[in-house]
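Protein chains in written order, with the numbering used here: chain W, 3 to 318; chain U, 218 to 405. Backbone N, C-alpha and C define an ideal beta-carbon position, used for all residues, glycine too.
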Amino acid sequence: MDRKKKIIITAALLAVMVLTVGIVGWNTKTLGLHRIAGKDSVAVIHVSGAIVGGDDSPSQLTGGGSTTSGGLMKKFRQARQDDEVKAVLLRIDSPGGSAAATQEAAEELLRLKQAGKPVIVSMGDTAASGAYWLASQGDVVYANPSTITGSIGVYIAYYDLQGLSSKLGVSEEKIKSGPHKDIFSPFRPMTAEERQMTQSMVDSMYNQFVAVVAQGRHMDEDKVRALADGRVFTGEQARELGLVDKTGNYYDALAEAGRLIGADPDDVPVIEYNDSLSLKDLLHSESAVSQWLQTRLGAGADVPLPLLVMKGAWQR
Amino acid sequence: MKERIYDALELLFDTLTRPAQAMMHITAGGQFRTGMLIWAFTIILPCISALVQMRHGSVLLVAGAFVGGAVSLFFQTLLVHGAALLLGGHGQARNLAAAFCFADFPLNFAILLSSLVFILPTGLVQGLSVAALLWAVVLAAYAVRANYGMGMGRSCIALFLPLLIVLGLLAVLFMYIVVEVVSLVGTL
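Right, here's the structure in full:
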């Protein structure tokens, strides 16, 4: 290889290194470096999409459009144990989700507050139902004037497929240990007793929801109950009703969090707990990378990533 | 200066692709300033990484990195040079320092990988960083071999001997302190 080519290749390598380290470094914040810097920071934790139960596995990467209670609890816990974090900004853009998943995440959020770290909430497009459950636990709640929020209430849904199954000539036969074991079966009508049992479950969850909101928002339970018929509100309406504190966007909320820790509101030091992907996660057949390759190569769902890559190379 | 930069880039390419020949060329002499250019890059890259991530970095950080790096290079060269002479090698410390400047370059790959830790699997980043460190050690061994005309085995011994001596001294010091403390407790 001649001298000119060597020089060009090496110069390109160095340029790529500098640009990558600079650009990627600018967009990410390594916790280790923050610790060296030793600055008080605001931890920004995102709740995006439906709140569902489950662990904190990052194997889905950005796919799925949901937030797991396991992942949320882990981040709340990290923020609580991180000495550098002095306040938390909870950024919510979620229509809600499972009551139990929300509840266990909210429990960890309360522990974070009890550790003396204020929680500022910023609502994005939507923060309704279970997402409002979480939001109501914030010390200061921000919403955009047209954010969709509220929807305080609970429901349990099930399908009635009797009409369809009779048309198809399909019926369900089952042997059960008790009369209510198949309470949500779509192939039989719910009895009056079962409807009463389900209603009491819904009422129990509803009462818990109302109590949590009343306690979090320092409101009278009756006043919350009057608003908690499942209706949604705009951010502006919610502010007038006391369900949120202020209208403003993400940066208004961040500035408020910054003021609480004594930082410049225009340049608040921020920490985000990103899910790093382990090699095991990547190789797992349920990872987003694997799923993409499975779709492309028409392979089975249980084929591990290395075999998929080999299959791709073979097909070429 | 322009020619020196071109020389540095060409020698760096050769160091990464043909290390044995490149080290022979570097240690033949006259490449100290060329080596310093590559060394400066190896110091600057982690500084860039730190500065952009901390946002509020200062010139002091960069100055500190340069001073620390220079002291480290000086002692590394001095100690390995001494060890190589003890083992019967013949060569100049200045040429060894130039070769070490090039040999440390793979550490930049570890810096690059650490920046990508959020899009690459953690285990992969750690594994490749260790590989980059080993690569730098192998290049350093090539540098010692080329500068002192020794075999690879003796070159490796010369490279690690200072470290072993320092660790040995620390162990002796630790034992001395332990014995002193134990005897002190015994007299009490």
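Below the 9 Å Cβ cutoff, chain W contributes no neighbours of Glu-397/U, its closest Cβ being approximately 35 Å away. One Cα belongs to Gln-293/U, the other to Ala-315/U, and the distance between them is close to 12 Å.
Residues of the stretch 16 to 27 of chain W with a C-beta atom less than 9 Å from some C-beta of chain U are Leu-16, Val-18, Met-19, Val-20, Thr-22, Val-23, Gly-24, Ile-25, Val-26, Gly-27, listed in chain order. DSSP, read as helix, strand or coil, puts Ser-96/W in strand. In the three-state scheme derived from DSSP, where H, G and I count as helix and E and B as strand, Gly-244/W is classed as coil. A direct Cα-to-Cα measurement between Asp-231/U and Leu-278/U gives close to 31 Å.
Straight-line measurement puts the Cα of Gln-139/W at about 12 Å from the Cα of Met-221/W. Here Met-241/U really is in contact with Ala-363/U; their C-beta atoms are around 5 Å apart, less than 8 Å.
Selection Gln-238/U, Leu-268/U, Ala-237/U, Leu-228/U evaluated against Ile-255/U yields Leu-228/U as nearest (Cα-Cα).
With a 10 Å radius around the Cβ and a threshold of 16 neighbouring Cβ atoms, Pro-236/U comes out buried. Within chain U, no residue has its beta carbon less than 9 Å from that of Thr-200/W; the closest one is some 44 Å off. Each residue's CA atom was taken as its position, placing Ile-243/U and Met-369/U some 17 Å apart.
The beta-carbon separation of Arg-219/W and Gly-260/W, rounded to 24 Å, does not stay under the 8 Å limit for a contact. Pro-191/W and Asp-162/W have their C-alpha atoms roughly 7 Å apart. When DSSP states are grouped into helix, strand and coil, Ala-255/W belongs to the helix group. Per DSSP, Tyr-223/U is one residue of the alpha helix (DSSP H) stretching across 219 to 234. Look at Ser-179/W here: in three-state DSSP terms it is coil, with no helix or strand label. Taking a Cβ-Cβ threshold of 9 Å, none of the residues of chain W is close to Val-389/U; the smallest such distance is about 32 Å.
Shortest Cα-Cα distance from Ala-357/U to any of Phe-377/U, Val-297/U, Phe-317/U, Gly-308/U involves Phe-317/U. For the pair of segments examined, the stretch 170 to 178 of chain W was found not to touch the stretch 261 to 272 of chain W: the number of CB pairs separated by less than 8 Å stays below three. Leu-329/U and Asp-85/W have their C-alpha atoms some 28 Å from each other. Ile-260/U carries a helical assignment under DSSP once its states are collapsed to helix, strand and coil.
Thr-236/W is positioned such that its CB atom lies closer than 9 Å to that of Pro-147/W. At the C-beta level, Val-272/W and Val-46/W come within 9 Å of one another. In the DSSP assignment, the residues bridged to Ser-43/W are Val-87/W. Bounds of the beta strand (DSSP E) holding Phe-235/W are 234 to 236. Along the stretch 307 to 339 of chain U, the positions whose C-beta sits under 7 Å from a C-beta of chain W are Asn-325, Ile-328, Leu-329, Ser-332, Leu-333, Val-334, Phe-335, Pro-338, Thr-339, read in chain order. By the C-beta density criterion, Arg-82/W is buried, having at least 16 other C-beta atoms within 10 angstroms.
Rounded to whole angstroms, Lys-119/W and Ala-17/W show a C-alpha spacing of 42 Å. If you draw a 10 Å sphere on the C-beta of Gln-248/U, you find 16 or more other C-beta atoms in it, and that means buried.
Proximity of Arg-93/W to chain U, defined by a Cβ-Cβ separation below 9 Å, is not satisfied. Cβ neighbours of Lys-115/W within its own chain (closer than 6 Å, five residues either side excluded): Val-121. Close to Ile-265/U, with beta-carbon spacing below 8 Å, are these residues of chain W in chain order: Val-20, Val-23, Gly-24, Gly-27. Judged by DSSP secondary structure, Ala-129/W falls within the beta strand (DSSP E) whose first and last residues are 121 to 130. In the three-state scheme derived from DSSP, where H, G and I count as helix and E and B as strand, Thr-294/U is classed as helix.
Here the alpha carbon of Gly-366/U sits roughly 43 Å from the alpha carbon of Ile-25/W.
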